[in-house]
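Below is one structure; the comments refer to it alone.
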Amino acid sequence: MPMIVPLRNELQAGKTAFGVWNTLPGTALVRTIASTPGISWVVIDAEHGQLNDTNIYEHATAIASQGVSPIVRIPVDDAWWIKRALDSGAHGIVIPLAHNAPTVRAVVRASKYPPIGIRGFGPMYTHHAFPGCTSQQYKEGADANTLVIVQIESKEGLANVEEIAQIDGLDVLFIGPYDLSLSLGTPFGSTEHEDAIQRILAAAHKFGKKAAIYCTSGELARTRAAQGFDMVSVVTDVDILSQAISAHVNEARKP
1 MPMIVPLRNE LQAGKTAFGV WNTLPGTALV RTIASTPGIS WVVIDAEHGQ
51 LNDTNIYEHA TAIASQGVSP IVRIPVDDAW WIKRALDSGA HGIVIPLAHN
101 APTVRAVVRA SKYPPIGIRG FGPMYTHHAF PGCTSQQYKE GADANTLVIV
151 QIESKEGLAN VEEIAQIDGL DVLFIGPYDL SLSLGTPFGS TEHEDAIQRI
201 LAAAHKFGKK AAIYCTSGEL ARTRAAQGFD MVSVVTDVDI LSQAISAHVN
251 EARKP
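In the UniProt record's numbering, the protein residues as written are 1 to 255.
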């Protein structure tokens with residue numbers, strides 16, 4: 001069976017791909033998240049999340065079992081981390097703080113097998129996240145089907161976004177709006193902040209890439225989808241758990 005990457009399929013169909021951010025360990029937790037109707041991807045956050053190497057492998061298995069793409073955000077733009085995440089079954093990788101074109105070109109090279117790139121051979125370790133796909137089918141399909149996603153979330157990244165967006169092999173520009181606000185030294189939601197977001201969106205589409213953004217609520221996610229973003233997060237597990245529990249406890253404690 002050829003590789004099936006639900007997120008790529010959703011993006012290629014021109015649909016808005018909604019997803020959820022996973023920061024907490026637990027296969028039962030991520031399987032429950034991935035079973036939510038209407039999402040096509042879950043980010044396994046190994047940058048800020050409480051997740052280790054074993055968690056990445058196990059979470060990828062649990063997420064893929066629900067017909068949803070496991071996408072791994074690695075801590076740094078490091079070739080070893082890229083190889084490790086992809087060999088753990090990631091349908092795509094997210095690179096934080098992509099500041100410039102040379103960095104992104106190196107990320108693309110690390111994500112692809114020779115002769116295109118430098119990724120080491122290890123397709124036999126990916127079966128759990130691509131049911132029915134043989135090692136040979138994975139080897140033949142990985143370069144074209146796994147997703148390379150970089151985060152534009154710094155002043156430097158914004159300055160270089162048009163050059164970054166032209167890089168072959170890059171699939172998605174993903175905006176980290178909170179880090180972007182901090183790096184620009186402007187309040188979250190300010191005119192300068194929003195102008196930067198719209199610049200990144202425009203650059204992605206101008207050069208044939210998809211545009212993504214991190215959101216923390218369904219309302220905000222709907223707004224960003226209406227603006228033309230192709231890939232939008234809706235909630236983060238730790239936030240939604242805390243919010244939901246607090247809401248019910250507060251309701252229970254009413255006189």
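Even glycine gets a Cβ: it sits at the ideal position worked out from N, Cα and C.
Rounded to whole angstroms, what is the Cα-Cα separation between residue i and residue j?
i: residue 204; j: residue 252; result: 47 Å
i: residue 121; j: residue 113; result: 7 Å
i: residue 52; j: residue 74; result: 10 Å
i: residue 117; j: residue 81; result: 15 Å
i: residue 17; j: residue 233; result: 8 Å
i: residue 246; j: residue 111; result: 41 Å
i: residue 43; j: residue 217; result: 16 Å
i: residue 255; j: residue 239; result: 26 Å
Tell me which residue opens and which closes the alpha helix (DSSP H) that residue i is part of.
i: residue 53; result: 53-64
i: residue 73; result: It is not in any alpha helix (DSSP H) - residue 73 instead sits in the beta strand (DSSP E) that spans 69-73.
i: residue 76; result: Where residue 76 is concerned, there is no enclosing alpha helix (DSSP H), given that its DSSP letter is neither H nor E.
i: residue 30; result: 27-34
Mapping DSSP to helix, strand and coil, what is residue i?
i: residue 117; result: coil
i: residue 166; result: coil
i: residue 243; result: helix
i: residue 203; result: helix
i: residue 150; result: strand
Which residues mark the beginning and the end of the beta strand (DSSP E) in which residue i is found?
i: residue 19; result: 17-22
i: residue 137; result: Premise fails: residue 137 lies in the alpha helix (DSSP H), 135-145, not in any beta strand (DSSP E).
i: residue 104; result: Here residue 104 belongs to no beta strand (DSSP E); instead the alpha helix (DSSP H) covers 101-111.
i: residue 87; result: Looking at the DSSP string, residue 87 is not in any beta strand (DSSP E); the run it does join, the alpha helix (DSSP H), is 79-87.
i: residue 45; result: 41-45
For residue i, which beta-bridge partners are listed by DSSP?
i: residue 236; result: 21
Discussion item. Closer than 8 Å is the cut-off here; do at least three beta carbon pairs connect the region 222-237 with the region 179-186?
Written reply: no
Exercise. Is the number of C-beta pairs between the region 129-146 and the region 63-72 that are closer than 8 Å three or more?
Worked result: yes
| message | Quick check: the region 25-37 against the region 76-93, are at least 3 beta-carbon pairs closer than 8 Å? | response | no
So, does the region 224-239 touch the region 195-215, judging by three or more C-beta pairs under 8 Å?
yes
* To do: Spell out a yes or no on whether the region 164-182 and the region 146-155 are touching, meaning 3 or more CB-CB pairs, one atom from each, closer than 8 Å.
  => yes
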